[in-house]
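Peer 1: Heads up, the first sequence is in my numbering, so the first residue is 3 and it goes up one at a time. Glycine included, C-beta positions come from ideal geometry on N, C-alpha and C. None of these values were measured; they are calculated from a predicted model.
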Amino acid sequence: MPELPEVETIKRGMAAALLGKSISNMRVNRYDLRIPIPQDFAKRLMGKTITKLERRGKYIIMHMGADIVAILHMGMSGRINIFPVGIEYAAQKHDHVVFNMDDGTCFAYEDPRRFGMLYLADKDWRKAKRFAFMGVEPLDDWSGADLFESLKNKKASIKSALLDQRVVAGLGNIYVCEALFRAYINPTRRSNSITKEEAGKLVKHVRDILEESIKSGGSTLKDYKHTDGSLGYFQHGFAVYDRAGKSCPNKDCASNILRIVQAGRSTFYCSSCQK
DNA sequence: AAGTGGGCCTGAGAGC
DNA sequence: TGCTCTCAGGCCCACT
3 MPELPEVETI KRGMAAALLG KSISNMRVNR YDLRIPIPQD FAKRLMGKTI
53 TKLERRGKYI IMHMGADIVA ILHMGMSGRI NIFPVGIEYA AQKHDHVVFN
103 MDDGTCFAYE DPRRFGMLYL ADKDWRKAKR FAFMGVEPLD DWSGADLFES
153 LKNKKASIKS ALLDQRVVAG LGNIYVCEAL FRAYINPTRR SNSITKEEAG
203 KLVKHVRDIL EESIKSGGST LKDYKHTDGS LGYFQHGFAV YDRAGKSCPN
253 KDCASNILRI VQAGRSTFYC SSCQK
């Protein structure tokens, strides 16, 4: 499941392979993603040059020429498969859009579960609701005081709050579980019970874990691969995620990792270490 | 009015 | 072995 580090890794792969190249041909195989691809999608992008790639939360923003941006979200199972010059395009069953670039590079947007989205916007893309209310980028200027401020009036659990993209952008279930473990904070705590000091710790651990994961090329769960098909390595480092019933990684702790459901999503934690 | 939970979707894995 | 069933979860939106 692509969270911030995976999306960042994909964006870097795309930047290295695609920047400055123009679309010479493209094909839409399926329009009915969760948000339908507009019918004139290909027509509007044909001939456009990829001038800039950026990431906001879990979205990739592809600047296409001067005034069109293509907004890309990988949902749960989305991938970008890039085929450099000399490597033949190998079609996947769920390649919804295939782009051919002017130098012979080809790339495909693949998403079996179709939870992702791909749409066009203009220079004002940040004004769309999903970006206008999006929270801070955790790797930018983000302090414990900032997090404390956004939590102090919230009653929802700290787990739910960290998943809320309006509080902080880019975190998903895996990294939230891991960061709460590292900060020794119980995921069922109410947001407004988190102290300034704890908020500071959380910010530090969220940033650490995201940076470590980006360094190792993102996590690899069943759905995630790099743009060249290789795997990331960070998943070997999970302390709690998907480890229900296994022993707590802390040597001096005899407890097992628990799995509970919060707001419809699995939470993994150690009830002895996380207070 | 903030918080919760259903719906979307397919493939992997479990269980019989 | 091969089938069926359950579960995974990011985001949107309806409901309370």
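Just the C-alpha distance for F85 and S159, rounded to the nearest angstrom, thanks.
Peer 2: About 43 Å.
Peer 1: Rounding to the nearest angstrom, what Cα-Cα distance links V99 and A18 in this structure?
Peer 2: If I take the Cα positions, the gap works out to 20 Å.
Peer 1: Find out if the Cβ-Cβ distance for the pair S26, D97 is shorter than 8 Å.
Peer 2: Taking 8 Å as the Cβ cut-off, S26 and D97 do not qualify as a contacting pair.
Peer 1: When you compare only the Cα positions, how much space is there between E10 and R57?
Peer 2: Distance between the alpha carbons of E10 and R57 is about 7 Å.
Peer 1: In chain order, what are the residue ranges of uninterrupted beta strand (DSSP E) at least 3 long that sit wholly in the segment 27–76?
Peer 2: Segments of the beta strand (DSSP E) lying fully in the segment 27–76: 52–58, 61–66, 70–75.
Peer 1: From the DSSP output, in three-state form, read off H98 for me.
Peer 2: Three-state result, H98: strand.
Peer 1: So who's on the other strand from C275, going by DSSP bridges?
Peer 2: DSSP lists no partner for C275.
Peer 1: Quick one: grab the DSSP three-state call for I262.
Peer 2: If DSSP states are grouped into helix, strand and coil, I262 belongs with the strands.
Peer 1: Give the DSSP-derived three-state secondary structure of L165 in the structure shown.
Peer 2: Note: L165 maps to helix in three-state DSSP.
Peer 1: If I measure Cβ to Cβ from Y186 and keep anything under 7 Å in the same chain, skipping five residues before and after, which residues do I get?
Peer 2: Excluding sequence neighbours, Y186 sits near C275, Q276, K277.
Peer 1: Taking 8 Å as the cut-off, decide whether the C-beta atoms of G59 and A171 are in contact.
Peer 2: Yes, the pair counts as a contact, with Cβ atoms nearer than the cut-off.
Peer 1: Output the distance between the C-alpha atoms of V205 and K45, rounded to the nearest integer angstrom.
Peer 2: Approximately 44 Å between the Cα atoms of the pair.
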